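Working notes, structure below.
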Amino acid sequence: MKQEKLIELAFKAADNAYCQYSNYKVGACCLCKDGNYFLGANIENASYGATNCAERSAIFAAYSNGYRKNDIEALCIVTYGKRIGSPCGICRQVLAELINQDTPIILANKEEVLITNISELLPMQFSKEDLE
Ligand code: THU
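What follows is the structure, given as structure tokens:
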């Protein structure tokens with residue numbers, strides 16, 4: 523799937539954001555190698571802490587449908603903000619476990635696109651290997 527299409531799908535997801543507290547819409551699209559994809563939006567909560575970010579919504583949807591890290595081709599995260607949105611710390615920790623280190627993470631707003639991966643976003647990771 524072309525990058526532009528992935529970004530367009532992620533913006534569609536952003537329009538489903540439930541974000542009455544921040545009014546900051548985030549959308550994500552988790553593209554799988556078989557062409558299937560899963561959308562996610564940020565879903566806020568009056569408790570604030572129970573909020574789920576868009577990228578976690580998308581990746582959890584992929585996992586909930588039986589996909590695993592080796593099945594994931596790319597993850598795209600978009601916002602309408604002035605600056606490109608960068609995944610929060612909790613999302614980085616989740617992505618470090620649920621996608622491969624070099625899987626493209628495409629960050630975009632309406633003006634620009636930045637491609638990175640989780641090894642760049644979260645160096646010196648704590649992971650299950652630490653528990654061995
Ligand atoms: N948010 C995301 O969905 N993804 C991120 O990576 C950063 C933050 C959401 C959480 C909350 O609903 C809103 O953006 C403001 O923090």
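The working numbering puts the first residue of the sequence shown at 523, with every later residue one more than the last.
Backbone N, C-alpha and C fix where the C-beta goes; we use that ideal spot for every residue, glycine too.
Nothing here was measured: the structure is a model prediction, and the numbers come from that model.
- Taking C-beta separations shorter than 8 Å and ignoring five residues to either side along the sequence, the partners of N538 in its chain run G549, L561 and A563, following chain order.
- Sequence-distant partners of K527 (beyond 5 residues in either direction) whose C-beta falls short of 6 Å from its own C-beta are missing from its chain.
- Following the DSSP letters along the chain, one finds E595 inside the beta strand (DSSP E) bounded by residues I594 to T601.
- Residues of the same chain with a CB within less than 6 Å of the CB of D593, apart from the 5 flanking positions on each side, are C554 and K555 in chain order.
- Only residues of its own chain outside the window of five on either side were considered, and among them Y540, C541, Q542, Y543, S544 and T573 have a CB closer than 7 Å to the CB of E566, listed in chain order.
- Straight-line spacing of the CA atoms in S586 and R578 works out to 12 Å.
- Between the beta-carbon of R605 and that of N631 there is about 7 Å, and that keeps the pair under the 8 Å contact cut.
- In terms of side-chain proximity, the C-beta atom of E595 is found no nearer than 7 Å to any non-hydrogen atom of the ligand THU.
- Taking 8 Å as the cut-off, the beta carbon of Y602 is found closer than this to the beta carbon of K547.
- Nearest C-alpha to L620 among I581, Q525 and K524: I581.
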